[in-house]
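Let me begin by presenting the structure, written as structure tokens, before commenting on it.
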Amino acid sequence: MNLLTSTSCDFSEPQNEHIELHRKRHGYRLDHHERKRKKEGREAHERSHKARKMIGLKAKLYHKQRHAEKIQMKKTIKMHEQRKTKQKNDEKTPQGAVPAYLLDREGQSRAKVLSNMIKQKRKEKAGKWEVPLPKVRAQGETEVLKVIRTGKRQKKAWKRMITLQFFHCFVPLGFSFHFLYCFSLYNGLRFKKAHVTHPELKATFCLPILGVKKNPSSPLYTSLGVITKGTVLEVNVSELGLVTQGGKVIWGKYAQVTNNPENDGCINAVLLV
Amino acid sequence: MSGDVERLLIQFRDEAGQTLGSPFDVPLDITPEKLQLVCNALLQKDEPVPLAFFINEAEVLSSLGACVQTLGLDTEQVLPVVYQPQAVFRVRAVARCTSSLQGHAEAVISVAFSPTGKYLASGSGDTTVRFWDLTTETPHHTARGHTHWVLSIAWSPDSRKLASGCKNSQDCSVRIWDTVLGRCDKILTGHTQSVTCVKWGGDGLLYTSSQDRTIKVWRAKDVGGVQCRTLQGHAHWVNTLALSTDYVLRTGAFEPATATVNPQDLTGSLEELKEKALQRYTKVRGQEPERLVSGSDDFTLFLWKPAEDKKPVARLTGHQALVNEVLFSPDTRLLASASFDKSIKIWDGRTGKYITSLRGHVGSVYQVSWSADSRLLVSGSSDSTLKVWDVKTGKLSADLPGHADEVFAVDWSPDGQRVASGGKDKCLRIWRR
Numbered sequence: 001m002n003l004l005t006s007t008s009c010d011f012s013e014p015q016n017e018h019i020e021l022h023r024k025r026h027g028y029r030l031d032h033h034e035r036k037r038k039k040e041g042r043e044a045h046e047r048s049h050k051a052r053k054m055i056g057l058k059a060k061l062y063h064k065q066r067h068a069e070k071i072q073m074k075k076t077i078k079m080h081e082q083r084k085t086k087q088k089n090d091e092k093t094p095q096g097a098v099p100a101y102l103l104d105r106e107g108q109s110r111a112k113v114l115s116n117m118i119k120q121k122r123k124e125k126a127g128k129w130e131v132p133l134p135k136v137r138a139q140g141e142t143e144v145l146k147v148i149r150t151g152k153r154q155k156k157a158w159k160r161m162i163t164l165q166f167f168h169c170f171v172p173l174g175f176s177f178h179f180l181y182c183f184s185l186y187n188g189l190r191f192k193k194a195h196v197t198h199p200e201l202k203a204t205f206c207l208p209i210l211g212v213k214k215n216p217s218s219p220l221y222t223s224l225g226v227i228t229k230g231t232v233l234e235v236n237v238s239e240l241g242l243v244t245q246g247g248k249v250i251w252g253k254y255a256q257v258t259n260n261p262e263n264d265g266c267i268n269a270v271l272l273v
Numbered sequence: 274m275s276g277d278v279e280r281l282l283i284q285f286r287d288e289a290g291q292t293l294g295s296p297f298d299v300p301l302d303i304t305p306e307k308l309q310l311v312c313n314a315l316l317q318k319d320e321p322v323p324l325a326f327f328i329n330e331a332e333v334l335s336s337l338g339a340c341v342q343t344l345g346l347d348t349e350q351v352l353p354v355v356y357q358p359q360a361v362f363r364v365r366a367v368a369r370c371t372s373s374l375q376g377h378a379e380a381v382i383s384v385a386f387s388p389t390g391k392y393l394a395s396g397s398g399d400t401t402v403r404f405w406d407l408t409t410e411t412p413h414h415t416a417r418g419h420t421h422w423v424l425s426i427a428w429s430p431d432s433r434k435l436a437s438g439c440k441n442s443q444d445c446s447v448r449i450w451d452t453v454l455g456r457c458d459k460i461l462t463g464h465t466q467s468v469t470c471v472k473w474g475g476d477g478l479l480y481t482s483s484q485d486r487t488i489k490v491w492r493a494k495d496v497g498g499v500q501c502r503t504l505q506g507h508a509h510w511v512n513t514l515a516l517s518t519d520y521v522l523r524t525g526a527f528e529p530a531t532a533t534v535n536p537q538d539l540t541g542s543l544e545e546l547k548e549k550a551l552q553r554y555t556k557v558r559g560q561e562p563e564r565l566v567s568g569s570d571d572f573t574l575f576l577w578k579p580a581e582d583k584k585p586v587a588r589l590t591g592h593q594a595l596v597n598e599v600l601f602s603p604d605t606r607l608l609a610s611a612s613f614d615k616s617i618k619i620w621d622g623r624t625g626k627y628i629t630s631l632r633g634h635v636g637s638v639y640q641v642s643w644s645a646d647s648r649l650l651v652s653g654s655s656d657s658t659l660k661v662w663d664v665k666t667g668k669l670s671a672d673l674p675g676h677a678d679e680v681f682a683v684d685w686s687p688d689g690q691r692v693a694s695g696g697k698d699k700c701l702r703i704w705r706r
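Note that the protein sequences, when read in sequence, are chains A and B. Heads up: the first sequence at position 102 corresponds to 102 in the working numbering, and the numbers run straight through without jumps. So the number in the working numbering is just where the residue sits in the second sequence, counting from 1, plus 273.
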């Protein structure tokens, strides 16, 4: 009776039960377990053979999948290894105890100090300047200068107008404006103050500009006083209260512009200490 | 027979300007010793006090005549001579290392003698504070409890308690703790960056300096702690503060002149000790208000009178690198500043005028400590040596090598017998005569 009911066509049963059923009734083949073991042993070789021989899109997908599996395997192995080795106590206080006055200061190792001294001497000989932004994209002439047509028939095109931020210093003695270049009508382009950040104090001050020292794009721009990214300015630092060794108050220091004034409408600079 | 020596009218005056006796005349070749005898007779004290004499800020060294000649003064008029009582006792310079105490597992960061000089405590990077027995120069006790490097330690003036601070939080507030109840009384906020130095003044004022370039003066007794003043002027972090009455506040009722070879505990009830301490304080302070000196990373120092004015009295320039520590001498007449430019500068404690530079170290000078009679100064530096300087001549008195690595902390015991120094090589060295 049992047999009849179990073999009747019951569509609610899963389709693969027949394998299990057969095994229960007749048992396994005599070499079944041996063959199974050997087949599993060969699996690694077969997979790698497949991975080598596959081509095309199918291969790409398969490789991706295999890579992910490998990473996972490596992680689990590492975790097991960590469990075996002794753990370093993470709660221990860090080494390199320093007194309070040395806390926020970077100590230099002695070897570094010597090599730095030598490098400094070499740089001084070469006459190179050390600035925070050493390389700056040079501004092309067409960006900075706009052609202005003059003449009765607007045909003469020798005049140029400056269209960038510039520092307009009220004409010091002996200075004469260049005959070719006129300054833009827009007064919003003239700047007298810059927001200067002190790199160590991490504080920003709004300091008046004394002049443009060097514009990396071209010496022409330096003489005109055009301010772009990377320009070195001289700013009035008397409000900071710095003093020389002799007791004299320092009132001018160099700062380098770090933003694009033509895009932002303000000048941000970092003080060169 | 030598001819008649020129005579001169002088008038003795003390530091505050008060005259002593009436003008009388003395020969030009009188020496400072004879002047001392005369002055002591006028002062009518029980014991003769050693004195130093100054004419217009210049000291009388060999004879009165030499001083007058160098200054080019008129001998017709009455000459005011200022006398300064020096310390009665004399501290001898330390010369040898008597022991090297090991025990700390990390660099020794702070060292402090108790006010009588009987006990020694040291804080280190291995989060412990160790107490050392000075008679046998062996470890006494180890105090555990901190979780990070012990940056600073301070004794209470009655030698009963020690306060220590560790690195764990660098917030911008100042906490006042009740030592009896063991809890935080008040929290003072106001600084915008971490606080670098805190000093209690004798008049009930508390001074704090911070990396935000300001020094704030607080009245700690008022409810909640009221900020009294803000002293501005520095251009970079303010590293260190020093009060003119620092030494006398530290030693409390202990008088270094009465020290014995074996340091003793202070005897007497709390009231008696307080009374003695107050007497010593008023004597050292005199009539003027306390003076405060601040040293900063902008290579300068400012001299302030915080109880009176917001503006500094003087700005002391001359250092070529940041100023790490400033200390008034115990008699408040001199000021020493140690800097990373390998020199120590001595300034006048009252006006801030520059006196001399002590050069000799080959690495940044980290800390200095005065001897109890204000004549000697010991300095520890990153070049692993300590140097003892004679302040009067401005010369090196003794060079003390021995540490294997940088010297982080030095302290001279108030009884003048020992100097203790701790450094990066994890050992604490004691130096004696």
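Where is the CB? At the ideal position from N, CA and C, for every residue including glycine.
- request: Keeping to the same chain, check which residues put their C-beta closer than 7 Å to that of Glu288/B; ignore five residues upstream and five downstream.
  value: Val355 and Gln357
query: Between which two residues does the alpha helix (DSSP H) carrying Val680/B extend?
result: Segment Val680 to Trp685 is the beta strand (DSSP E) holding Val680/B; no alpha helix (DSSP H) there.
Reduced DSSP secondary structure (H/G/I, E/B, other) of Lys307/B: helix
task: Kindly indicate which three-state DSSP category Leu201/A falls into: helix, strand or coil?
output: coil
- prompt: Where His45/A and Met54/A are concerned, what is the direct C-alpha to C-alpha distance, given to the nearest angstrom?
  reply: 14 Å
query: What are the residues that DSSP puts in a beta bridge with Phe283/A?
result: The question about residue 283/A has no answer here: the residues shown for chain A are numbered 1 through 273.
message: If I measure Cβ to Cβ from Thr204/A and keep anything under 6 Å in the same chain, skipping five residues before and after, which residues do I get?
response: His195 and Thr197
query: Does the distance from the C-beta atom of Pro261/A to that of Phe191/A stay below 9 Å?
result: yes
field: C-alpha distance - Gln284/B paired with Val351/B, whole-angstrom precision
entry: 7 Å
- prompt: What number of angstroms, rounded off, separates the C-alpha of Pro219/A from the C-alpha of Lys159/A?
  reply: 19 Å
Distance CB(Tyr520/B)-CB(Ser602/B) smaller than 9 Å: yes
task: Could you say if the region 442-459 of chain B and the region 405-419 of chain B meet the contact criterion of at least three C-beta pairs nearer than 8 Å?
output: no
- prompt: Three-state secondary structure (DSSP) at Tyr28/A?
  reply: coil
query: Which residue comes first and which comes last in the beta strand (DSSP E) that contains Gly653/B?
result: Leu649 to Ser654
For Asn16/A, three-class secondary structure by DSSP: coil
- prompt: So which residues on chain A does Ser425/B lean against when the C-beta distance must stay under 9 Å?
  reply: Pro99 and Ala100
task: Count the other C-beta atoms from every protein chain shown that fall within 10 angstroms of the C-beta of Glu563/B, then say buried if there are 16 or more, exposed otherwise.
output: buried
query: The beta strand (DSSP E) with Met161/A in it runs from where to where?
result: Lys156 to Ile162
- prompt: So, using beta-carbon positions, are Ser612/B and Phe572/B closer together than 9 Å?
  reply: yes
- prompt: Of all the residues that make up the region 674-693 of chain B, which are near chain A by a beta-carbon distance shorter than 7 Å?
  reply: Phe681 and Ala682
- prompt: Residues of chain B with a CB under 8 Å from the CB of Thr204/A: which are they?
  reply: The premise fails here: Thr204/A is roughly 14 Å from chain B at the closest Cβ pair, so nothing lies under 8 Å.
- prompt: Quick one: is Gly506/B near chain A, going by C-beta distance under 9 Å?
  reply: yes
query: When Cβ atoms are compared, which residues of the region 381-410 of chain B fall closer than 8 Å to chain A?
result: Ile382, Ser383, Ser397, Gly398, Asp399 and Thr400
- prompt: Is the beta carbon of Arg369/B sitting closer than 9 Å to the one on Arg705/B?
  reply: yes
field: Environment of Asn512/B [buried if 16+ CB atoms lie within 10 Å]
entry: buried
- request: Taking Asp264/A as part of the alpha helix (DSSP H), name the residues at either end of that continuous run.
  value: Pro261 to Asp264
- request: Starting from the Cα of Leu522/B, find the closest Cα among Ala436/B, Trp643/B, Val490/B and Val557/B and give me that residue.
  value: Val557/B
- request: Check whether the Cβ of Gln120/A lies closer than 9 Å to any Cβ atom in chain B.
  value: no
- request: Quick one: list the residues of chain A neighbouring Trp422/B, beta-carbon separation under 8 Å, in chain order.
  value: Thr93, Ala97 and Val98
- request: For Asp571/B, name the three-state secondary structure that DSSP assigns.
  value: coil
field: Minimum C-alpha distance to Leu240/A - residue among Ala530/B, Asp485/B, Ser517/B and Pro529/B
entry: Asp485/B
task: Classify His421/B as helix, strand or coil using the three-state DSSP reduction.
output: coil
field: Residue-chain proximity (Val171/A, chain B), Cβ-Cβ < 9 Å
entry: Because Val171/A carries a pLDDT of 44, less than 50, the predicted location of this residue cannot be relied on, and the following value inherits that uncertainty. Closer than 9 Å: no.
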